[in-house]
Amino acid sequence: MGWAIALHGGAGDIPRSLPPERREPRMATLRRSLDLAVAALQAGRTALDVVELVVRELENCPHFNAGKGSVLTSDGTVEMEASIMDGNTMSCGAVSGLSTVVNAISLSRLVMEKTPHIYLGFHGAEAFARDQGVETRDPSHFITDENIERLRQAKQANRVQIDYTQPMKAQPPTDDNSRIG
Amino acid sequence: TVGCVAIDSSGNLATATSTGGLVNKMAGRIGDTPIIGAGTYANPLCAVSATGKGESIIRHTVARDVAVLMEHRGLPLKEAAARVVADVPRGDVGLVAVSAAGEVSMVYNTAGMFRACATEDGYSEVGIW
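Protein sequences, first through last, are from chains A and B. For the numbering used here, count along the first sequence from 1 and bump the result up by 386. For the numbering used here, count along the second sequence from 1 and bump the result up by 16.
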């Protein structure tokens with residue numbers, strides 16, 4: 387059987403016309419994350435450690451919708467969420483509504499391992515993060531110019547978008563799908 | 017959204033998913049990612065991480081359904097994952113999954129999904145469409 391790993395950076399209406407300057411940084415991060423995971427599995431790290439370290443790598447890349455580079459709410463703020471689960475023990479942890487925690491996935495693992503609960507949200511999760519001493523930054527750290535522009539376009543079109551649904555040009559949406567979240 | 021699933025050399029399975037959600041979402045909106053059984057699920061049979069339109073993934077309990085088809089219908093991972101994704105409205109979902117047998121599945125019904133995988137026998141893949 388042996389080890390195996392799979393990772394994703396989000397799904398949606400990713401146009402085949404995605405220009406190289408937007409495609410290559412993402413592909414490079416996918417390859418780097420895969421190499422990290424393979425090296426860790428070959429070194430005997432546990433599956434739980436590997437999925438956490440891969441998601442941290444992806445959270446820290448501004449080109450993906452998580453951590454730095456998270457998309458914006460209608461208020462122009464960042465609300466990050468994450469969860470982690472161990473198949474053997476069925477232990478799991480989840481967090482929502484984070485605006486300062488650099489790696490939400492590591493906080494969800496702390497919820498799993500350090501509390502009797504599964505899910506902490508918003509100010510309770512932020513307080514737990516400070517209590518656990520995880521790395522936090524000012525909310526502005528997570529906001530990129532690209533996502534400010536995406537929010538502006540989504541507001542203009544008056545709709546929400548999946549990770550990579552490209553904003554429609556001026557013409558009205560041609561099908562219901564283009565207006566979905 | 018970003019996610020990762022893995023099985024290690026001792027046969028342990030795990031999954032992790034993290035996201036900023038949907039552009040222009042309402043403040044306070046919770047998506048599928050932190051909902052165990054919707055965007056993220058693992059048991060001794062498989063580990064699953066989903067991405068796409070959170071409201072649809074929650075409604076269809078996507079991650080748990082993959083495990084249920086394996087557990088109760090005896091389907092292999094690839095078939096279970098393909099069946100679950102086919103039942104979700106087009107354009108709404110993608111997922112990566114691994115099974116206790118070391119199978120890998122990366123399936124989606126959107127235009128594309130940023131994805132990568134590798135197995136101990138040397139196979140690896142990185143793709144979008």
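Where is the CB? At the ideal position from N, CA and C, for every residue including glycine.
Within the same chain, and ignoring the five residues on either side of GLU119 (chain B) in sequence, the residues whose Cβ sits closer than 6 Å to its Cβ are LEU93. Cβ-Cβ distances below 7 Å link ARG495 (chain A) to GLU438, ILE470, GLY479 in the same chain, with the five nearest sequence neighbours on each side left out; the list follows chain order. Nearest to ARG106 (chain B) by alpha-carbon distance, out of A:ASP399, A:ILE534, A:HIS509, is A:ASP399. At a Cβ-Cβ threshold of 7 Å, SER492 (chain A) and VAL464 (chain A) do not count as neighbours.
Burial of ASN40 (chain B) is indicated by the presence of at least 16 other C-beta atoms within 10 angstroms of its C-beta.
For TRP145 (chain B), the number of other beta carbons within 10 angstroms of its own is below 16, and it is reported as exposed. Not flagged as an interface residue toward chain B: GLU410 (chain A), since no C-beta distance is shorter than 7 Å.
A contact between stretches requires three or more CB pairs, one per stretch, nearer than 8 Å, and the segment 415-424 of chain A fails this requirement with the segment 54-61 of chain B. In its chain, beyond the 5 residues on either side, SER25, GLY118 have a beta carbon closer than 8 Å to the beta carbon of GLU136 (chain B). Non-local beta-carbon contacts of PHE508 (chain A) in its own chain, meaning distances under 6 Å to residues more than five positions away in sequence, involve GLY483 in chain order. Taking 7 Å as the CB threshold, ASP531 (chain A) stays off the interface with chain B. Contacts with chain A at 7 Å (Cβ-Cβ) include THR67 (chain B). Under DSSP, CYS20 (chain B) takes part in a beta bridge, and its partners are A:LEU393, B:ALA32.
One alpha carbon belongs to ARG442 (chain A), the other to GLY90 (chain B), and they sit about 34 Å apart. The closest CA to that of GLN518 (chain A), considering only A:ALA543, A:ASP524, A:ASN489, A:LYS541, is found on A:ASN489. Under the 10 Å beta carbon count, MET498 (chain A) is surrounded by 16 or more other beta carbons and is classified as buried. With a threshold of 7 Å between beta carbons, ALA98 (chain B) makes no contact with chain A.
Sequence-distant Cβ neighbours of HIS503 (chain A) in its own chain, meaning closer than 7 Å and more than five residues away, are VAL497. With distances taken between CA atoms, SER526 (chain A) lies nearest to A:SER456 out of A:SER456, A:ALA433, A:LEU506.
With a cutoff of 7 Å on beta-carbon distance, ILE23 (chain B) and ALA433 (chain A) are scored as near each other. Residues of chain A with a Cβ closer than 7 Å to the Cβ of PRO60 (chain B) are, in chain order, GLY473, ASN474. Within the segment 430-482 of chain A, the runs of alpha helix (DSSP H) that reach at least 4 residues and sit entirely inside it are, in chain order, 433-445. Of the candidates A:GLY388, A:LEU393, A:TRP389, A:MET387, A:LEU393 places its Cα closest to the Cα of VAL142 (chain B).
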